[in-house]
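A short worksheet on the structure shown next.
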Amino acid sequence: MNHYNHTNFSLLLVIPCYNEFGRLQTEVFHSFLQENNNVAIVFSNDGSRDNTLKVLQKIKAGATNHVFINNLKTNRGKAAAVRSGFLFAEKHLRFSKIAYLDADLSTTLDECLKLSKLIDTKVLFVFGSRISKIDNIINRKLFRFFIGRLIATLISMQLELSIYDSQCGCKVFRADLARQLFKERFLSKWLFDVELFHRLIQLIGKNSIKHTVKEIPLESWIDTSNSKVKISYFFTLWYDLILISKKYKTQTKTSWKAVLQSML
1 MNHYNHTNFS LLLVIPCYNE FGRLQTEVFH SFLQENNNVA IVFSNDGSRD NTLKVLQKIK
61 AGATNHVFIN NLKTNRGKAA AVRSGFLFAE KHLRFSKIAY LDADLSTTLD ECLKLSKLID
121 TKVLFVFGSR ISKIDNIINR KLFRFFIGRL IATLISMQLE LSIYDSQCGC KVFRADLARQ
181 LFKERFLSKW LFDVELFHRL IQLIGKNSIK HTVKEIPLES WIDTSNSKVK ISYFFTLWYD
241 LILISKKYKT QTKTSWKAVL QSML
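Spelled out as structure tokens, the structure:
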């Protein structure tokens, strides 16, 4: 295994980027990494056509041992960018937990780090949830909120799990679980989160998910004006959901008991 860095990072963040030149917050990344030297970031540049790569190189220059760039030559979609970032990290780095996070930092780096601390010998997977409460700040555009709730409800019904927000862009995994979840390519460019939950069900079973997975309300989440998911995708995502349902409902299930025993 060819390691770029022999440090065993407690948390590795994979951040997919596509035309993020105007949104990448260089100083925020530098400040965070200075305060948390046991964290590393892999930026997965998804064939950006603007100056995203130059900004990433600037971020790396300020934190050489903690920032790594996985540069894809062509745009392949968020699912492939996240998976490619994980495979890059698996090949070159050492880490005990891994997360993915949106480049615009709608969920902050500090909050992602906070969620990661909930991972332990029993908890395999933690993800953020954009539940609006009296004591948090969840800023979502009204139309996207209603569309998102409809989609999330349908996904929850398909999975037969009580998940409020399957599509939140902040998810943290124990490394051994992530290795199994990211083995295969994803069917959908954008609904790969749904596929992750289907794969998790196949690996450990629905009953075990209740004890090994946590959905945590975020303290803050700010909607950005330049979402890469266009509203028009709402009219085609149903096809993706059907394909996902067909694939994962018909696959032979792995012996989840054996898998779980190997992790605990």
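Quick note: the sequence shown uses UniProt numbering, first residue 1, plus one each step. Ideal placement from N, C-alpha and C gives every residue a C-beta, glycine not left out. Computed from a prediction, not measured in an experiment: that's the story for all the values here.
Query: Tell me whether residue 100 sits in a helix, a strand or coil according to DSSP, three-state version.; Result: strand
Query: Quick one: what's got a C-beta closer than 6 Å to residue 268's C-beta in the same chain, skipping five residues either side?; Result: Beyond the ends of the chain as shown, which are 1 and 264, falls residue 268; an answer cannot be given.
Query: Can you name, in chain order, every residue of its own chain whose Cβ lies under 8 Å from the Cβ of residue 259, other than the five neighbours on each side?; Result: Only weak support is given to the placement of residue 259: the predicted model assigns it a pLDDT of 46, under 50, and the value that follows is read from those uncertain coordinates. 180, 203 and 204.
Query: How many angstroms separate the CA atom of residue 187 from the CA atom of residue 130?; Result: 25 Å
Query: Identify the residues that DSSP records as bridge partners of residue 128: which are they?; Result: 216
Query: Go through its chain and collect everything with a Cβ distance to residue 25's Cβ below 8 Å, but skip five positions before and after it.; Result: 105
Query: Just to confirm my understanding: we take residue 28, look at its own chain, exclude 5 residues before and 5 after, and list those with CB closer than 8 Å. What are they?; Result: 105 and 109
Query: For residue 122, does the three-state DSSP call read helix, strand or coil?; Result: coil
Query: Quick one: grab the DSSP three-state call for residue 165.; Result: coil
Query: I'd like the list of long-range same chain contacts for residue 10, defined as Cβ closer than 8 Å, with 5 residues on each side in sequence excluded.; Result: 38, 39, 95, 96, 97 and 116
Query: Which of helix, strand or coil does DSSP assign to residue 11?; Result: strand
Query: Closer than 8 Å is the cut-off here; do at least three beta carbon pairs connect the segment 161–180 with the segment 141–152?; Result: yes
Query: Beta-carbon separation of residue 137 and residue 219 under 9 Å?; Result: yes
Query: Going by other Cβ atoms of all chains shown within 10 Å of its Cβ, with 16 needed for buried, is residue 252 buried or exposed?; Result: Model confidence at residue 252 stands at a pLDDT of 39, short of 50, so the residue's coordinates are unreliable and nothing is read from them.
Query: Quick one, which of 7, 43 and 241 has its alpha-carbon nearest residue 155's?; Result: 241
Query: Excluding five sequence neighbours on each side, which residues of the same chain lie with their C-beta closer than 7 Å to the C-beta of residue 36?; Result: 113
Query: Looking only at its own chain, which residues have a Cβ that is under 8 Å from the Cβ of residue 120, when we skip the five neighbours before and after it?; Result: none
Query: Please state whether DSSP places residue 350 in a helix, a strand or coil.; Result: There is no way to answer for residue 350, as the model of the chain reaches only from 1 to 264.
Query: Around the C-beta of residue 171, are 16 or more other C-beta atoms found within 10 angstroms, so that it is buried, or is it exposed?; Result: buried
Query: Use the C-beta contact count for residue 255: other C-beta atoms within 10 angstroms, 16 or more gives buried, fewer gives exposed.; Result: Residue placement at residue 255 is poorly supported in this model, since its pLDDT is 44, which falls under 50; the coordinates still yield a value, given next. With fewer than 16 Cβ atoms within 10 Å of its Cβ, residue 255 is classed as exposed.
Query: Measuring only the C-alpha atoms, how far is residue 1 from residue 89?; Result: With a pLDDT of only 49 at residue 1, under the threshold of 50, the placement of this residue in the model should not be trusted; the figure read from the coordinates follows. Rounded to the nearest angstrom, the two C-alpha atoms are 11 Å apart.
Query: Would DSSP call residue 185 helix, strand or coil?; Result: coil
Query: So the candidates are 157, 201, 118 and 91; which of them puts its Cα closest to the Cα of residue 6?; Result: 91
Query: Look up residue 44 in the DSSP assignment and give the residues it is bridged to.; Result: 16 and 70
Query: Considering only C-alpha positions, which residue in the set 54, 222 and 160 is nearest to residue 140?; Result: 222
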